[in-house]
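Those letters in the sequence shown? Residues 1 to 479, per full-length UniProt numbering, in order.
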Amino acid sequence: MLTKMAQGILEEVLMNTALVEDLAEVAKDEALLQGVVMRTRETPNSSELVTYTPLTLFPTSVPKAVFLQALAVQTHYNTLVDRISQDSDFLKEALASTIEVDDFTARLFRIYQQILKEGRSQSIVLGLNRSDYMLDQRDDGTSSLKQIEINTIAACFGGLSSRTPDVHRHVLKVAGRLEESQHILDNNPAAGLAQGIAKAWELYGSERAVIVFLVEENPEIFDHRYVEKELWKRNIRSIRRRFDDVSRTGSLDQDKRLFIDGLEVAVVYFRTGFMPQNYTTEQSWDVRLMMECSRAVKCPDISTHLAGTKKVQQVLARPGVLEKFFPDQPQAVELIRATFAGLYTLDMGPEGDKTVAMALAEPDRFVLKPQREGGGNNIYGSEICQVLEAVKDSTERTAYILMDKIHPAPVHNYLLRRDAPLKMSTCLSELGVFGAYVRRGEDMVMNECVGHLLRTKSSEHSDGGVAAGVAVLDNPLLI
Ligand code: ADP
Ligand code: MG
């Protein structure tokens, strides 16, 4: 079922096959001209061959009020993540059941405990996150903003999404839709992310010190390059290294300053390290610990990384928890809570038993989520029953949380992707909002919303991001 809003604006254009074919060529060329590019799957470590980053042919309508709501809540989410990261009692309690059964979270948690024991050697905190939402369709045709998750590590597409507005503007112009083309917003998350990094670098206080982008094999290198370029504009040097490189050439001096290849490091910006596969050897874990113990500013530090887990998200939705983090700010609590979907514990005990029964009775109403990032890990539909039947009587179930499934209004669009035939798809979109903050000791010295990202996928896929080849880049067209 397509809503009126969805069909309104571009329907004539969408149905005009000859025009659509022309526009698809125009869009791909414009993407290349604008630098909306990525390395090919075949050569992810070389820029000799590049292609356009998959994107929609047309922007997607988003109600202005909901869009502004997402921007408005972002600085509160920044504050929330930052406060959680400083509350060790909360993190310990929230993650207690999870780390019993989830090895990856447990491993991160061990690093955290070591830091708690030794004390932090750096009081500067840099947070760069992205809060993701879908617009849940109400019966009356309006939609409400519901958070899917918040990414506190390696949130991507802040670079490429600063270049996509010009692609869609151009496509709409060529399609004779000048007026709509003027409604596509400017967007520059890369500048804001770099501003946060630059602020942390400045506070670190050494002109010679560098920023390290911790990376892996990455076809999306161009997304990082935009942030690097913003740093170079300020004459801040950045280098790219893998866990492996740091293992060989990284060390701490007696003051716990981090050196890599002889260069002092002011900020470690993690663009990897969020999933078990990123830690290919034991040495990768040693490197994570070494960096965490160092005086370099970590983005994110281990506690901020843990604050972004799905288990923490579920605990935050419990009555009274937000109030604890915002004791004198009922308005912040209200703004944040309004974006929560139903989230349910699978901890052992009567409440978790109730969650199991509810999920087994109506699996299509929910999404079952393990503590993983990067797309493709969630469980839907009848598979929820299979998984829960197998684990429901054991503590293994506490590795998951259950969440209400959000139902955005499907819209028609064309997804432009290399080697995929051009065809109209029924699509769902996910809106991301980037946040950047810097704190030194008790002082929040920066707390900002720095841009947005719209990603769209065919409704036949329930999960999976751009990197997984499912979602593509898009732009909101405010209505
Ligand atoms: P990941 O860390 O793997 O990105 P997410 O929680 O973002 O995990 O889920 C991945 C994808 O699954 C989302 O991009 C979205 O398409 C879909 N998804 C996740 N949660 C929900 C939900 N509650 N309702 C509908 N779709 C969801
Ligand atoms: Mg996600």
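Where a beta carbon is used, it is the ideal one built from N, C-alpha and C, also for glycine.
Closer than 8 angstroms: residue i CB and nearest the ligand MG heavy atom
| i | result |
| --- | --- |
| N278 | no |
| G375 | yes |
| D132 | yes |
| N151 | yes |
| I148 | yes |
heavy atom of the ligand ADP below 8 angstroms from residue i C-beta
| i | result |
| --- | --- |
| T197 | Here residue 197 turns out to be Ile, not Thr, going by the sequence shown. It does not: the Cβ of I197 is nowhere closer than 8 angstroms to a heavy atom of the ligand ADP. |
| E430 | yes |
| R107 | no |
| V367 | yes |
| M403 | yes |
| G465 | yes |
| A471 | yes |
| N378 | yes |
| I406 | yes |
| K173 | no |
| A194 | no |
| K457 | yes |
| S462 | yes |
| K311 | no |
| A155 | no |
| G271 | Inspection of the sequence shows that residue 271 is occupied by Arg rather than by Gly. No, since every heavy atom of the ligand ADP falls outside the 8 angstroms radius drawn around the Cβ of R271. |
| residue 486 | A question about residue 486 goes unanswered here, because the residues of the chain that appear run from 1 up to 479. |
Neighbour-count burial assignment, residue i, 16 or more Cβ in a 10 Å radius
| i | result |
| --- | --- |
| V466 | buried |
| A6 | Residue confidence for A6 is low, a pLDDT of 43 falling below 50, so the modelled location carries little weight; the figure read from the coordinates is stated next. Buried. |
| W201 | buried |
| M15 | exposed |
| T17 | exposed |
| G205 | exposed |
| R163 | buried |
| D249 | First, the residue type needs correcting, since residue 249 is Thr and not Asp in the sequence shown. So T249 counts as exposed. |
| R177 | buried |
| S303 | buried |
| E21 | exposed |
| L49 | exposed |
| G8 | With a pLDDT of only 48 at G8, under the threshold of 50, the placement of this residue in the model should not be trusted, and no figure is reported. |
| N151 | buried |
| C427 | buried |
| R208 | exposed |
| residue 502 | The structure shown does not extend to residue 502, since the chain spans only 1 to 479, so no value can be given for it. |
| P363 | buried |
| D301 | buried |
Contacting residues, own chain, Cβ-Cβ under 7 angstroms from residue i (five flanking each side not counted)
| i | result |
| --- | --- |
| P165 | I184, L185, D186, N187, N475 |
| R337 | L322 |
| R234 | A198 |
| T398 | S97, T98, E100, V101, L346, D347, M348 |
| M1 | Per-residue confidence for M1 stands at a pLDDT of 38, beneath the threshold of 50, marking its modelled position as unreliable; no derived number is given. |
| L343 | Q313, Q314, A317, I401, M403 |
| A106 | I99 |
| R365 | D404, K405 |
| D261 | T249 |
| V66 | L135, S143, L145 |
| Q74 | S131, V433, G435, C449 |
Strand pairing of residue i, partner residues [DSSP]
| i | result |
| --- | --- |
| R439 | V125, M444 |
| R138 | In the DSSP output, where bridge partners are listed per residue, R138 has none listed. |
| G451 | F434 |
| I184 | L477 |
| S458 | C427 |
| F366 | D404 |
| D132 | E149, G432 |
| Y112 | Its beta-bridge partners do not exist; DSSP assigns none. |
| Y380 | V367 |
| V472 | T456 |
Close beta carbons around residue i, own chain, < 6 angstroms, minus the five adjacent residues each side
| i | result |
| --- | --- |
| T51 | T40, R418 |
| A332 | H76, F326 |
| N464 | Reading off the sequence shown, one finds Gly at residue 464, where the question assumed Asn. Same-chain partners within the cutoff: G375, G376, V470. |
| N45 | E217 |
| S247 | Q283, V287 |
| E228 | S238 |
Cut-off 8 angstroms between Cβ atoms - residues of its own chain near residue i, not counting five sequence neighbours on either side
| i | result |
| --- | --- |
| K4 | Here the model assigns K4 a pLDDT of 37, short of 50, so the residue's position is not dependable and the matter cannot be decided. |
| Q34 | R163, T164, D166, V167 |
Residue-level contact to chain C via CB, residue i, 9 angstroms cutoff
| i | result |
| --- | --- |
| I115 | Absence of chain C from the displayed structure is noted, only one protein chain being present. |
Can you list, in chain order, the stretches of the beta strand (DSSP E) that have 3 or more residues and sit fully within the UniProt domain "Glutathione synthase substrate-binding" (209–307)?
210–214, 238–241, 250–252, 258–260, 263–270, 297–299
What are the complete beta strand (DSSP E) segments, minimum 3 residues, inside the segment 385–441?
400–404, 411–416, 424–440
Mind listing, in chain order, the continuous beta strand (DSSP E) runs of no fewer than 3 residues lying wholly within the segment 143–173?
For the segment 143–173, whole beta strand (DSSP E) runs of length 3 or above, ordered along the chain, are 143–151.
To test your reading of the DSSP string, which unbroken alpha helix (DSSP H) runs of 4 or more residues are found completely within the segment 49–93?
64–85
Jot down the residue ranges of each uninterrupted beta strand (DSSP E) in the segment 22–49, minimum 3 residues, whole runs only, in chain order.
Runs of the beta strand (DSSP E) inside the segment 22–49: 37–39.
What ranges does the alpha helix (DSSP H) occupy inside the segment 317–374, keeping only unbroken runs of at least 4 residues that lie completely in it?
321–325, 330–337, 350–361
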